[in-house]
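J.:
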Amino acid sequence: MREPADRYASVAILLHWLIAGLLTGNIVIALTMDSAALFQTHKSIGILVLLLTGVRLVWRLTHRWPALAASLGAWERMAARTTHFAFYVLLLAVPLLGWAAASTGRRGTGDLFGVIPWFDLPLGKSGELHDLTGEAHELAVYLTIALIVLHVAGALKHQFVDRDGTLRRMLPGR
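Quick note on numbering: the working numbering labels position 63 of the sequence shown as 976, and the sequence is numbered without any gaps.
#1: Based on Cα-Cα distance, which residue from 1038, 1084 and 1079 lies nearest to residue 980?
#2: Report the partner residues of residue 1025 according to the DSSP bridge assignment.
#3: Alpha carbon to alpha carbon, how far is residue 917 from residue 1032?
#4: Using the Cα positions of residue 1010 and residue 963, report the straight-line distance between them to the nearest angstrom.
#5: Any chance you could list the alpha helix (DSSP H) runs of at least 4 consecutive residues sitting entirely within the segment 982-1048, in chain order?
#6: Could you give the DSSP three-state label for residue 1084: helix, strand or coil?
#7: May I ask you to report which of helix, strand or coil DSSP gives residue 1055?
#8: Report all residues from its chain with a CB closer than 7 Å to the CB of residue 1043; omit the five preceding and five following residues, and keep chain order.
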């Protein structure tokens, strides 16, 4: 069955909410990490977010997305495009920086979810590089959190102020 032209495709919706849930969970884990097991889970989820973002990016480049609502002003169109672009950049940069930090640290990346063998990036072990990539990872996470807040605020504005159906386009179901 064809997707309605004013909605995102089911695959795009699934990837959006799956990545959003994993990202939110990983932020919570990062803020509460107090064990090696949680740290390993955090790294595993980060790699999963990276892989799913790659899938989502390929999907996005090979499938049309619905047109923006005709009622949007020029600044809203620019904000929507800029926000989506920034999300793709950060959804790639945050896990890559985290992976680089793990790869340059003493423990390395480790097995994903304790069962899937994974590899360190070939950067070598370096305390300085570990600190630099770790700090860049943390900064990128804070930028991501700010972007999430902006994104959610925009979605809620469209839902409750503009009442233009923008949020419905990305909600699961028909």
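We treat Cβ as the ideally placed atom computed from N, Cα and C, and that holds for glycine.
T.: Per the coordinate set shown:
#1: Residue numbering aside, residue 980 sits at position 67 when the sequence shown is read from its first letter. Ranking the options by Cα distance to residue 980, first place goes to 1079.
#2: Within the sequence shown, numbered from 1, the residue matching residue 1025 stands at position 112. Looking at the DSSP assignment, residue 1025 forms a beta bridge with 1029.
#3: For the purposes of this step, residue 917 is taken as residue 4 along the sequence shown, with counting starting at 1. For the purposes of this step, residue 1032 is taken as residue 119 along the sequence shown, with counting starting at 1. Because residue 917 sits at a pLDDT of 49, beneath the cut-off of 50, its placement in the model cannot be relied upon, and the point is left open.
#4: The residue you call residue 1010 lines up with position 97 of the sequence shown. The residue you call residue 963 lines up with position 50 of the sequence shown. Those two C-alpha atoms are separated by around 11 Å.
#5: Annotation note: the segment 982-1048 contains the following uninterrupted alpha helix (DSSP H) runs of length 4 or greater, listed N- to C-terminal: 987-1017.
#6: Looking up residue 1084 in the sequence shown gives position 171. Coil.
#7: Within the sequence shown, residue 1055 is the residue found at index 142, counting from 1. Note: residue 1055 maps to helix in three-state DSSP.
#8: The residue given as residue 1043 occupies position 130 in the sequence shown. The residues are 1014, 1017 and 1018.
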